[in-house]
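Report on one structure; see the data block that follows.
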């Protein structure tokens, strides 16, 4: 997913192998494996540089872009399902841990809101 997100942020949705390696801070052989797996799933495509045959671009495909659009929703749904299986006590422990983490990091005034709230989870638990 990091590779796809990186390509999404690149100009023309493409980057060279070395640019991807540098961004991910991974060695070339590891990135080669990642790109091969993404290419097999049609999430990326390799494109030759017309001016310099030694350079090949890795480009985000429509399938890759569609996966990126769907993934946050899929992850949110999975998280919601898993959290709904927890007891009220377990949910309170998680809430306490997050509050402690927020306090330790000093990020209690951030303008971002969770996708799943504990109120939603508690009301879902009550419905069971």
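Residue numbers (our numbering): 7 to 134. The C-beta atom is built at its ideal place from N, Cα and C for all residues, glycine as well. It should be emphasised that the depicted structure is a prediction, and the values quoted were computed from it without experimental measurement.
Residue i to residue j span [Cα, whole Å]
i          : j           : result
residue 80 : residue 100 : 21 Å
residue 54 : residue 82  : 37 Å
residue 18 : residue 58  : 18 Å
residue 60 : residue 75  : 32 Å
Coil, strand or helix - residue i by DSSP
i           : result
residue 124 : Confidence at residue 124 is low in this model, with a pLDDT of 49, below 50, so its placement is unreliable and the value that follows should be read with caution. The answer is helix: DSSP assigns residue 124 an H, G or I state.
residue 53  : strand
residue 14  : helix
residue 32  : coil
residue 77  : helix
Rounded distance between the beta-carbons of residue j and residue i, thought under 8 Å
i          : j          : result
residue 77 : residue 7  : 7 Å
residue 9  : residue 44 : 6 Å
Can we say the region 73 to 88 touches the region 26 to 37, given the rule of at least three CB pairs closer than 8 Å?
-> Three or more beta-carbon pairs separated by less than 8 Å are not found between the region 73 to 88 and the region 26 to 37, which leaves the two stretches without contact.
Taking 8 Å as the threshold, find out whether the region 101 to 108 comes into contact with the region 44 to 52 through three or more Cβ pairs.
-> Taking a cut-off of 8 Å for Cβ pairs, the region 101 to 108 and the region 44 to 52 do not touch, as fewer than three such pairs fall below it.
Can we say the region 13 to 27 touches the region 58 to 68, given the rule of at least three CB pairs closer than 8 Å?
-> A contact exists between the region 13 to 27 and the region 58 to 68.
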